[in-house]
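The sequence shown begins at 2 in the working numbering and counts up one residue at a time.
Cβ atoms here follow ideal geometry from the backbone N, Cα and C, with glycine treated the same way.
Remember, it's a predicted structure, so these values are computed and weren't measured experimentally.
The block underneath contains the structure these notes are about, expressed in C-alpha cells.
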Amino acid sequence: MITFLLTSLLGVMLVGIPILISIALIGFVGMAMLPGVVMPLFAQKMFGQLDSFTLLAMPYFILAGSIMTAGGISKQLVDFARALVGHFRAGLAHASVVGSMVMSGVSGSSTADASAIASILIPPMKQTGYKPGFAAALIATAGTMGAIIPPSMTMVVYGAIAQVSIGGLFLGGIIPGILIGLALMITIKLYTYHPAYPELRVVTARFDLCALWRSVSSAWSGLLAPLIIVGGILSGVFTATEAGAVACVYAFIVGYFVEKKITLKKVPDILVDAAITTSMVSGIIAVSGPMGWILSYLQFDGMVLSYVSTLSSSPTMILFILAGVMILLGTFVDSLIVLLVFAPVAVSVTKTYGLDPFQVGLVMVICNQIGAVSPPTAPLLFITTSIAKTPIDQTNKHVWTFMLAETLVLVLVILIPGLSSWIPSYFLR
C-alpha cells in the first residue's frame, strides 16, 4: 500500500495538481483504505500537525523577512557585497554569493533570497556580458543558503516535525552555510580560467575603502539583524521562537524610524503578503499530517531502516544512503514534501545509530535545498530563470557545477559531524 500511495502522490503532482491538494487527496484516500480507521481522524491529524509551539516561529520569521524586504534591506546588503568583493575577477558573481550569504541572515527563506538577489544583480550581470543561464544558475544555488544560514524557515519546519531544537539547528547551520558560500566562490574562481567564459576574467571595479565604509554605513541595520537573532539565542536571552518576534520588532523599527521606507499605508500589504506565505506553508504542513500518520501506521520508517541496514551497518554510510535518496526524490517531488516525509525517518536513524540530531538535521536540510535546484523540479531555478529571461535549459546547463560544489559540502558535513554539531553542542550543553 505504501508503494501505491507514494506512486499516486508522485503521479498527481506530475500531472500538475497543486501540491497541497495532491497531498490532501492521497492522504484522504489512503486513510479511507485503511480498515477500522474513522475519517474524522483525517481532520484531527491535520490540526495535530500544526499544534506545535515550535511552529509559532514560522509566521514571525516570514513577517520579519517581508518587513525587511519592504524596507529596502536587500538592496543595501547587495551594495555592501559589491563593495566588498566587486573588485575581484568575476566580481558580480562573487557579490551574488556574498550577498546571498548576508541576505540569508535576514530572510530565512531560500526563495526570498534567490528572488531578491536575482532581481538586483542579474540585470547588471547581463549588461557586463555574463551568460544569463550562468547568472540564474549561480544565484539560484547561492539562494539555498537562505535555508541553511540562520534563521531558516526550513529548519523551523524540520525541528517542529522531528522534535529537534530549532536553536541548535540554527547554530549548526552556520559553518555548513559559510562552507557552501566559499565552495561557490572557489567554483567561480575556477570558471575564470575557462576559455569559454572571458567575461569572468574582466575586473569591473576597483577596491574602494571609502565606498565599502559607505555601504557598511547604509547596510548596518541588515548586517546587525542576524547578530541580534543568533546572539540572542546563544546568550539565552530568548528562544528561537521568541527570536522571530524580536526580528519583527527590530525590522519594523529599522524600516519605519531609521530607513523611513515603510509607511503606515504599506503595513497592511506587508501583513497580507506574510499571511499568504504563512498560509501556503502551513497548509502543506497540515495536510502532510494525515499522510505522515499513514506512513507511520504502515511502519514506513521501520521499513526504510530495515532496508538500508541490509546495505550497511555504518552510521556514516546510512546517512549517505538517506541523503542520496532525498536528493533523488527532490528532483521529481517538491523538496518540502520530501523533507516532511523523511523527517520521521531521520529521527529513527538518529535514535537507532546514535547520530547527532543536529548533524542529521543539517544533512536533511542541505539535501532539501539541493533538491530545490535539481532539474526538472527546481523552484529556485524557475524563479531566477524568469528574472533572467532565458530558456530554462540554459540555466539547467550551468547549474550542475554549482550543485556539485554544494554536494561536496554535504559530503563534508556527513564525514565530519563537528561541522554541524560543534557550535550547538558548545553553546547548548
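Same chain, Cβ closer than 6 Å to residue i, neighbours up to 5 away in sequence not counted
i, result
"V305", "V346"
"P418", "D357 and Q360"
"M14", "S23"
"L56", "A161"
Coarse secondary structure for residue i, derived from DSSP in three states
i, result
"R215", "helix"
"S315", "coil"
"P125", "helix"
"G17", "coil"
"D357", "coil"
"G174", "coil"
"F54", "coil"
"K352", "helix"
"Q300", "coil"
"T240", "coil"
"T155", "helix"
"R207", "coil"
"Q164", "coil"
"V79", "helix"
"F89", "coil"
"M40", "coil"
"A276", "helix"
"F62", "helix"
"M281", "helix"
"I286", "helix"
C-alpha gap between residue i and residue j, whole angstroms
i, j, result
"L224", "I230", "11 Å"
"G49", "L42", "10 Å"
"A212", "A379", "37 Å"
"G178", "M146", "6 Å"
"A244", "S108", "13 Å"
"S166", "P199", "47 Å"
"M327", "F343", "8 Å"
"A220", "M104", "11 Å"
"V38", "M47", "15 Å"
"A252", "I68", "6 Å"
"T2", "A33", "The sequence given here places Met at residue 2; Thr does not occur at that position. Answer to the nearest angstrom: the Cα atoms are 12 Å apart."
"L35", "V217", "60 Å"
"Y159", "L340", "7 Å"
"L272", "G106", "21 Å"
"G233", "T240", "8 Å"
"V79", "L429", "33 Å"
"G293", "G331", "17 Å"
"T205", "M281", "41 Å"
"L93", "L122", "7 Å"
"N369", "I140", "17 Å"
"I83", "S116", "Going by the sequence as given, residue 83 is Arg instead of Ile. Rounded to the nearest angstrom, the two C-alpha atoms are 17 Å apart."
"L420", "V157", "20 Å"
"D394", "T188", "21 Å"
Residue burial classification, residue i (beta-carbon count within 10 angstroms, cutoff 16)
i, result
"D52", "exposed"
"G66", "buried"
"M40", "exposed"
"D114", "buried"
"G355", "exposed"
"P19", "exposed"
"G290", "buried"
"P151", "buried"
"Q300", "exposed"
"P392", "exposed"
"F5", "exposed"
"I176", "buried"
"T278", "buried"
"G17", "exposed"
"M318", "exposed"
Other residues of its chain near residue i: CB distance less than 7 Å, five sequence neighbours each side excluded
i, result
"G284", "L21"
"C249", "Y61, L64, A65 and I68"
"G73", "E260 and K262"
"V288", "L21, I24, A25, G28 and M47"
Residues near residue i by beta carbon distance below 8 Å, same chain, minus five either side
i, result
"M404", "T142, I371, V374 and S375"
"I322", "V309, L312 and S313"
"G173", "F359, Q360, G362, L363, S421, S422, I424 and P425"
Residue-chain proximity (residue i, chain C), Cβ-Cβ < 8 Å
i, result
"V364", "The structure shown has no chain C; it contains just one protein chain."
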